[in-house]
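Taking it in order: structure first as structure tokens, then the write-up.
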Amino acid sequence: MKTNFILFVALLTSIATFSQKQWTLKEAVDQALEKNISIQQNKLSLELAKKDVDIAKGNFLPDLNGNTGGNLNFGSGFDPVSQNRISTTIFGGSVRLSSGYTIFNGYRNTNTFKQAQLGVETSLYDLKKIENDISLRVVNSYLNVLFAKENLEVAKVQAEISKKQIEAADARFQAGAIAKGELLNFQSTAANDLQSVVTQENALDLALLTLAQLLQVSSENFDVAPIEVGTPSTNLLYTNSSTVYNKSLDYMPEIARAKLDIDNADFNIAIAKSAFYPTITASASLSTNYGYNLKLPPGSSNTALFTQLDDNLGYGVGFNVSIPIFNRFQTRNRVTKSIINKEISETRLESEKLQLKQTIEQAFLDVKSSLKAYQAATISLEAQKEAFKNAQERYNYGAMTLFDFDLVRTRLVNAEGLMIRSKYDYVFKTKVLQFYSGELVLE
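When the letters of the sequence shown are read in order and numbered with the UniProt record's numbering, they come out as residues 1 to 443.
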């Protein structure tokens with residue numbers, strides 16, 4: 001009984017430990033990549049592309065077909081033994097093996113195989129593109145949780161300050177230093193601060209729920225590990241957007257995918273041109289037959305089955321050359337269409353590059369703007385802290401009204417909230433640039 005109780009306590013402890021797990025950013029991204037439905041679908045598309053390679057590889061092998069059949073004839077027919085025409089009932093059949101092999105078809109099989117291999121690479125880049133999009137969404141949601149946590153801490157600190165101010169105001173009211181109205185104003189401010197705490201708790205719950213749903217895990221007891229954001233560096237990681245863009249050309253999967261589309265178009269052109277060439281095939285066959293007279297006269301017998309199969313066995317080999325002469329200009333038009341499709345793929349690559357360049361230019365401008373906002377918010381917060389400290393002293397000595405003191409305090413709260421928002425905005429937008437340059441490291 002005692003042992004069972006210990007095991008029960010250990011189980012509860014392990015469950016409690018698991019429920020208190022804090023997800024790191026890397027764990028969150030890995031979980032999202034593992035569970036996302038779109039990623040799973042693209043992985044299946046990748047498997048299909050691999051099977052296309054196996055199918056194309058099979059075109060280089062000869063085929064082999066076997067067939068057999070039988071028939072029952074009544075009335076006039078040939079005796080399978082004497083080969084004379086008689087009136088009887090005969091059952092006979094045949095067995096045949098045949099094989100064909102394509103010797104040359106304008107390199108169609110070779111180009112089809114290479115195109116299938118290209119399809120695997122294309123599917124890999126499609127998968128990478130979706131993984132990148134999901135990763136960015138997780139990073140953004142993760143930072144939103146941290147942002148909400150810091151906002152909640154600020155709200156709690158302000159609520160605690162209000163609580164202490166009520167205690168001080170109550171003591172001054174009891175001593176007759178202030179009127180009851182001032183005490184009531186402090187209590188009203190404290191109530192607003194408590195409401196702000198509730199609002200920030202709800203915002204945090206919503207941010208956690210959004211991230212948990214993205215990870216497809218239960219939001220109950222869900223939490224994330226803190227990231228040491230601290231005081232972000234005010235030095236830009238990159239001097240200009242061109243530096244990031246040049247790196248992104250070798251990293252972003254959509255660019256590599258667009259380049260593969262051009263290569264794929266080249267193969268389509270080659271496959272279309274293969275119809276101009278003759279097709280050469282070789283064939284081989286092995287066949288035999290057998291027959292049984294079911295109305296033999298007494299004393300007669302049919303030749304044994306294996307003897308018939310051996311006596312009637314025949315071989316054959318051959319080849320065929322098919323030379324295209326005129327097919328109503330179909331091949332020429334298909335080649336022209338393939339060339340036009342290649343030009344479309346080339347323009348699509350340029351479009352992808354242009355879109356990527358514009359996105360990075362906007363992201364670089366966003367980083368510069370968010371840095372300025374963060375620097376301004378930091379300076380403003382320091383100034384508001386000094387102003388609040390001075391206002392506290394003046395109010396305690398009766399040199400400032402409660403109304404003016406509340407104005408100073410409100411400005412401090414707003415400055416703290418603005419600093420938190422600008423800090424996380426700057427951190428996230430910096431990570432976006434790191435992502436495009438291929439230098440984002442998740443921890």
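Yeah, the Cβ is synthetic: ideal placement off N, Cα and C, and Gly gets one too. All values reported here derive from a predicted model rather than from experimental measurement.
Pair within 8 Å by beta-carbon distance, residue i and residue j
i	j	result
ILE262	LYS357	no
ALA28	LEU204	no
LEU433	ALA373	no
ASN289	ASN312	yes
LYS423	ASP366	no
THR281	ASN320	yes
VAL145	LEU46	no
THR210	SER135	no
MET400	ARG409	no
VAL224	GLN22	yes
PHE147	ILE420	yes
ALA275	THR331	yes
PRO278	SER345	no
LYS273	GLY70	no
Close Cβ partners of residue i (< 8 Å) along its chain, the five nearest in sequence each way excluded
i	result
ASN268	GLN115, SER338, ASN341 and LYS342
ASN42	SER123, ASP126, LEU127 and ILE130
residue 445	In the structure as shown, the chain begins at 1 and stops at 443. Residue 445 is therefore absent and cannot be evaluated.
LEU349	ILE255, ALA258, LYS259, ASP261 and ILE262
THR68	GLY93, SER94, VAL95 and ARG96
ALA49	ALA116, GLY119, VAL120, THR122 and SER123
ASP425	SER370, ALA373 and TYR374
VAL53	PHE113, ALA116, GLN117, GLY119 and VAL120
LEU236	VAL367, LYS368 and LEU371
ILE39	LEU33, LEU127, ILE130, GLU131 and ILE134
THR234	LEU371, TYR374 and GLN375
Per-residue burial, residue i [other beta carbons within 10 Å of its own, 16 or more giving buried]
i	result
GLU150	buried
ALA175	exposed
GLY398	exposed
GLY291	buried
ALA191	exposed
PHE74	exposed
VAL427	buried
SER188	exposed
SER404	Per the sequence shown, residue 404 should be read as Asp rather than Ser. Exposed is the call here.
SER301	exposed
LYS431	buried
VAL138	buried
GLN213	exposed
LEU25	buried
GLN355	exposed
SER162	buried
Three-state secondary structure (DSSP) of residue i
i	result
SER219	coil
GLU441	According to the sequence displayed, residue 441 carries Val and not Glu. DSSP places VAL441 in coil when its eight states are reduced to three.
SER300	coil
GLY119	helix
PHE104	strand
ILE280	strand
PHE60	coil
ILE360	helix
GLY318	strand
PHE329	coil
TYR397	coil
TYR292	strand
SER38	helix
SER422	helix
ILE134	helix
LYS429	helix
GLY176	coil
TYR436	helix
ASN73	strand
Chain-order list of residues whose beta-carbon lies under 6 Å from that of residue i (same chain, five-residue window excluded)
i	result
ALA270	ASN111
GLU361	SER241
ASN59	ASN109
LEU286	LEU97 and TYR315
LEU249	ILE255
LEU418	ALA377
GLN158	ASP193 and VAL413
SER283	GLY100 and GLY318
ILE178	ARG172
TYR251	GLY438
PRO253	TYR125, LYS128 and LYS129
Residues of its chain near residue i, where Cβ-Cβ distance is below 7 Å and the 5 sequence neighbours each way are ignored
i	result
GLU416	VAL154 and LEU381
THR17	With a pLDDT of only 42 at THR17, under 50, the local geometry of the prediction cannot be trusted, and no value is derived from it.
THR307	none
PHE388	VAL408, ARG409 and LEU412
PHE173	LYS180 and LEU183
Using 8 Å as the Cβ pair cut-off and three pairs as the minimum, do the region 93 to 108 and the region 57 to 72 touch?
yes
The region 137 to 156 contacting the region 193 to 204, beta-carbon criterion three pairs below 8 Å:
yes
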